[in-house]
Amino acid sequence: MLEYALHGDSNTLRHVDSVENGLKCNCVCSGCGDRLVAKNNGTSGTRHHFAHDSKDENSNCLMTQLHLVAQHFFLESQPLYLPPASFEYKGQTLSQCEVSTNVRGGNLEVRLDRYIADVLLETELGDIVIEIFVTHENEAEKTTYYQHNKIPSIEFDLSAYLNRNIDEVLSDLKAKKVPYKWLYEWCREQLIDKHEQFLEREAERIKKKRVRSAKDSARKFIKGNYILLPSLTQKFECQIDKYTYREEVTIYSRSEQRVDSVSQVKLTEEYLLLKAIRGNSHIWVAFLLKDCLPDDVVDLNGSVVIRTPATSENNRAIWKWLKYPKLMLKIERSQQSFLKESNNKAKKARTTKDAVRQAKTNSELYLLSKDNLFKRDYSRWSKWMTLNQLFQPSPARKHPKLPHALNYIRSYPCLWAFDTWHILALSLLAEIVDRKPKDTKIFYHHLFKELVELTGLHKEFSDIEQRIAPHAVDTDSKSLVLRSEIIEEALRPYANVGVIYRLQGGFKRIGSLMEAIDLDSSYM
2 MLEYALHGDS NTLRHVDSVE NGLKCNCVCS GCGDRLVAKN NGTSGTRHHF AHDSKDENSN
62 CLMTQLHLVA QHFFLESQPL YLPPASFEYK GQTLSQCEVS TNVRGGNLEV RLDRYIADVL
122 LETELGDIVI EIFVTHENEA EKTTYYQHNK IPSIEFDLSA YLNRNIDEVL SDLKAKKVPY
182 KWLYEWCREQ LIDKHEQFLE REAERIKKKR VRSAKDSARK FIKGNYILLP SLTQKFECQI
242 DKYTYREEVT IYSRSEQRVD SVSQVKLTEE YLLLKAIRGN SHIWVAFLLK DCLPDDVVDL
302 NGSVVIRTPA TSENNRAIWK WLKYPKLMLK IERSQQSFLK ESNNKAKKAR TTKDAVRQAK
362 TNSELYLLSK DNLFKRDYSR WSKWMTLNQL FQPSPARKHP KLPHALNYIR SYPCLWAFDT
422 WHILALSLLA EIVDRKPKDT KIFYHHLFKE LVELTGLHKE FSDIEQRIAP HAVDTDSKSL
482 VLRSEIIEEA LRPYANVGVI YRLQGGFKRI GSLMEAIDLD SSYM
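Heads up, the final residue of the sequence shown is numbered 525 in my numbering, and it's a clean run with no missing numbers.
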């Protein structure tokens, strides 16, 4: 319902309780222009309001009332409270807390170029535009105009109050609860100027720090007749049979090198340059003072090492090679070696399919030999159980039963490589792992070697392994031919009972694997 309207003579906003009753109020609806009837003498408990004389009240009437009430709220504010403002500038968030300012004057519906500002206030902080959002946000072009012309402006969002009592919006405006957004912050220029001054001071501080650091390091090199040569790595890549081979090779390892002499050649705003001499050769050492590479340094002949400055307080300066003519031969040899190795891997990739097929055949034969392996290895396993106090012979039971923890997985084709009864192989594996410390990473490929020492290796495994390129093995076959994957699969029963925790390339031991196969334990 309407509680505010425009007075017909003065065109001022009036509350229903401030005018005469009925048509004598001389008020009109700001939304549709219809005459209004002031209903402000009632005693029935109905809230005082304006009623239309000849038209029906509609949403536009309520929208216009809300807009006008908000406009007049800001027009009559004294002081005016400006909410917090913040914005991003050069990677930093610049912020201003809430402030209050005295209002010297103001007007509604003020033309600014081809746009109309809802409220324009003259304050001690300068002119500030207030925009009221009821049904439509401020149009983008208007916002751009404010920003390009640096006109402080803020938009308050009253869209949630359209169907609520007008007293609620006034209460929330006073309590500073109404959502808002700055179109152009009143303090933007001041905050930017202040931040630019800070950046200038910071740049000067960093400059002095970089020069001091460069001089200190140069002094040590000159006095000690040595220089620091950084690591150099090269990434090689080639494609063979539609597969891309990659490798990163260390060409030179970081080291301090003794020289005959070190002298300072030049100090500019951009760099400090040293020349180190050993025998008939020399190397340039450039300490960069700015975040760019000077042309003078790029044009140096011979070997050049540079130190780039730290980019922040938490980072350190970085040493790197710029030119390394004496290492080019080693790089070429490393590349040739990489290409040769890649071709060897490609050859293996072509034979991988047949090798995997042979491994699958051997794993199937291994599973078919289960009974024979049992007859051959059970006695050894029984003695192992007794020796490790996992079984105690008695008149009622002279030999141990097969532990459920190892036998509920019916087949272990991955164990063909050890040519050993699966229960014995898994038990020996448990013994090996239990000798390792808890909560320390254990690598699968190390365990493979240790288990082979106890079981032996299938006579064909090495030949198959030599004909395989790991990248060419399909996922389902990896646990048959790749050492790490074989052990990872073999450890599955121990992972299932929670005594190991799997990691990439290895695992951690949490509990005892041998306890998991204890016949007196809950795993039976």
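Glycine included, each C-beta is placed from N, C-alpha and C at the ideal position.
Assign F339 to one of two classes, buried (16 or more other C-beta atoms within 10 Å of its C-beta) or exposed (fewer than that).
-> Along the sequence shown, one-based indexing puts residue 339 at 338. When all chains shown are included, F339 counts as buried.
Proximity below 8 Å, CB of L174 to CB of F74 | To locate residue 174, count along the sequence shown from 1; it is residue 173. To locate residue 74, count along the sequence shown from 1; it is residue 73. Taking 8 Å as the Cβ cut-off, L174 and F74 qualify as a contacting pair.
Taking the alpha-carbon positions, what's the L391 to E516 distance?
-> Taking the first residue of the sequence shown as position 1, residue 391 is located at position 390. Taking the first residue of the sequence shown as position 1, residue 516 is located at position 515. Cα to Cα, L391 sits roughly 8 Å from E516.
Simplified DSSP assignment, three categories, for W285 | For the purposes of this step, residue 285 is taken as residue 284 along the sequence shown, with counting starting at 1. Reduced to three states, the DSSP call for W285 is strand.
For E486 and D477, the rounded distance between their alpha carbons = Indexing the sequence shown from 1 puts residue 477 at position 476. Indexing the sequence shown from 1 puts residue 486 at position 485. When rounded, the distance between both Cα atoms is 10 Å.
Per DSSP, what kind of secondary structure is K267 in: helix, strand or coil?
-> Sequence index remark: in the sequence shown, residue 267 carries index 266 (1-based). The answer is strand: DSSP assigns K267 an E or B state.
Hey, how far is the Cα of V170 from the Cα of N42?
-> As a working note, residue 170 is residue 169 in the sequence shown. As a working note, residue 42 is residue 41 in the sequence shown. If you take the alpha carbons of V170 and N42, they lie about 25 Å apart.
How about F88 and E186: do their beta carbons lie closer than 8 Å?
-> In the sequence shown, counting from the first residue as 1, residue 88 sits at position 87. In the sequence shown, counting from the first residue as 1, residue 186 sits at position 185. Yes, these two residues count as a Cβ contact at 8 Å.
Spatial neighbours of I152 in its chain, beta-carbon cut-off 8 Å, leaving aside the 5 residues before and after | Stepping through the sequence shown from its first residue, residue 152 is reached at position 151. Closer than 8 Å at Cβ, skipping near neighbours: L113, D128, V130, Y146 and Y185.
Straight-line gap, Q595 to E248 (C-alpha atoms, nearest Å) = This structure cannot settle anything about residue 595, because the visible part of the chain is limited to 2 through 525.
Which residues mark the beginning and the end of the alpha helix (DSSP H) in which G507 is found?
-> As a first step, residue 507 must be located in the sequence shown, where it is residue number 506. Note, G507: premise wrong, no alpha helix (DSSP H); beta strand (DSSP E) at G507 to R510.
Once you ignore the five residues that flank F449 on each side, which residues in its own chain have a CB closer than 7 Å to its CB?
-> Here residue 449 corresponds to residue number 448 of the sequence shown, with the count starting at 1. Hits under 7 Å: R484, I487 and I488.
So, helix, strand or coil for E123, using DSSP?
-> Residue numbering aside, residue 123 sits at position 122 when the sequence shown is read from its first letter. Note: E123 maps to strand in three-state DSSP.
What are the boundary residues of the alpha helix (DSSP H) that R351 is part of?
-> The sequence position of residue 351 within the sequence shown is 350, counting from 1. Looking at the DSSP string, the run of the alpha helix (DSSP H) that includes R351 is M329 to L369.
Please report the residue range of the alpha helix (DSSP H) in which Q240 lies.
-> For this step, residue 240 is matched to residue 239 along the sequence shown. Run containing Q240: none in the alpha helix (DSSP H); it sits in the beta strand (DSSP E), L233 to I241.
M525 by DSSP, collapsed to three states: which one?
-> Taking the sequence shown and counting its residues from 1, one reaches residue 525 at position 524. For M525, the predicted structure reports a pLDDT of 30, less than 50, and the residue's modelled location is therefore unreliable. A value from the coordinates is still provided. Reduced to three states, the DSSP call for M525 is coil.
Complete beta strand (DSSP E) runs within the stretch 421-488 (minimum length 3 residues, chain order) | 442-444
Touch test, the stretch 24-40 against the stretch 52-59, Cβ-Cβ under 8 Å, three pairs minimum | yes
CB F133 to CB L159, shorter than 8 Å?
-> As a first step, residue 133 must be located in the sequence shown, where it is residue number 132. As a first step, residue 159 must be located in the sequence shown, where it is residue number 158. Note that residue 133 corresponds to Ile in the displayed sequence, not to Phe. Their beta carbons are under 8 Å apart, which means I133 touches L159 by this criterion.
With distances taken Cα to Cα, identify the nearest neighbour of L557 among P310, S254, K221 and W417.
-> Shown here, the chain extends from 2 to 525; a query on residue 557 therefore has no answer.
Is it the case that the Cβ atoms of K177 and P80 are separated by a distance below 8 Å?
-> As a first step, residue 177 must be located in the sequence shown, where it is residue number 176. As a first step, residue 80 must be located in the sequence shown, where it is residue number 79. No, these two residues do not count as a Cβ contact at 8 Å.
Would you say L492 and T456 are within 8 Å of each other, going by their C-beta atoms?
-> Translated into positions along the sequence shown, residue 492 becomes position 491. Translated into positions along the sequence shown, residue 456 becomes position 455. No. Outside cutoff.
Under a three-way DSSP split, which group does D194 fall into?
-> For this step, residue 194 is matched to residue 193 along the sequence shown. D194 falls in the helix class under three-state DSSP.
If you count every other CB in all the chains shown that lies within 10 Å of the CB of E156, and 16 or more means buried, which is it?
-> Residue numbering aside, residue 156 sits at position 155 when the sequence shown is read from its first letter. With 16 or more Cβ atoms within 10 Å of its Cβ, E156 is classed as buried.
Helix, strand or coil for L520 per DSSP?
-> For the purposes of this step, residue 520 is identified with residue 519 of the sequence shown, where counting begins at 1. With a pLDDT of only 49 at L520, under 50, the local geometry of the prediction cannot be trusted, and the value read off the model is given with reservation. Three-state result, L520: coil.
State the CB to CB distance for the pair L481 and P414, rounded to an integer number of angstroms; the pair is presumed to be in contact (CB under 8 Å).
-> Working through the sequence shown from its first residue, we reach residue 481 at position 480. Working through the sequence shown from its first residue, we reach residue 414 at position 413. That belief holds up - the Cβ atoms of L481 and P414 are roughly 6 Å apart, short of 8 Å.
Report the three-state DSSP secondary structure of Q390 (helix, strand or coil).
-> As a first step, residue 390 is located in the sequence shown; it is residue number 389 there, counting from the start. Q390 falls in the coil class under three-state DSSP.
Span separating the alpha-carbon of T251 from that of A431 | For this step, residue 251 is matched to residue 250 along the sequence shown. For this step, residue 431 is matched to residue 430 along the sequence shown. In a straight line, the C-alpha of T251 is about 38 Å away from that of A431.
In angstroms, rounded to a whole number, what distance separates the CA positions of Y524 and G507?
-> Counted from its first residue, the sequence shown places residue 524 at position 523. Counted from its first residue, the sequence shown places residue 507 at position 506. For Y524, the predicted structure reports a pLDDT of 34, less than 50, and the residue's modelled location is therefore unreliable. The matter cannot be settled from this model.
Taking DSSP as the reference, what is the three-state secondary structure of V260?
-> What you label residue 260 is simply residue 259 of the sequence shown in a count that begins at 1. Coil at V260, not helix or strand.
Mind the definition here: the stretch 218-236 touches the stretch 251-267 only if three or more C-beta pairs lie below 8 Å; say whether that holds.
-> yes
Sub-8 Å separation of V111 and Q72 beta-carbons = Residue numbering aside, residue 111 sits at position 110 when the sequence shown is read from its first letter. Residue numbering aside, residue 72 sits at position 71 when the sequence shown is read from its first letter. No. Outside cutoff.
At least three beta-carbon pairs within less than 8 Å, the stretch 455-473 to the stretch 341-359 = yes
Give, in chain order, every unbroken run of the alpha helix (DSSP H) that is at least 4 residues long and sits entirely within the stretch 36-95.
-> 60-76
Any idea if V29 is buried or exposed, counting beta-carbon neighbours within 10 angstroms, 16 or more meaning buried?
-> The residue given as residue 29 occupies position 28 in the sequence shown. Burial call: buried.
Helix, strand or coil: how does DSSP classify D173 here?
-> To locate residue 173, count along the sequence shown from 1; it is residue 172. Here D173 sits in helix by DSSP.
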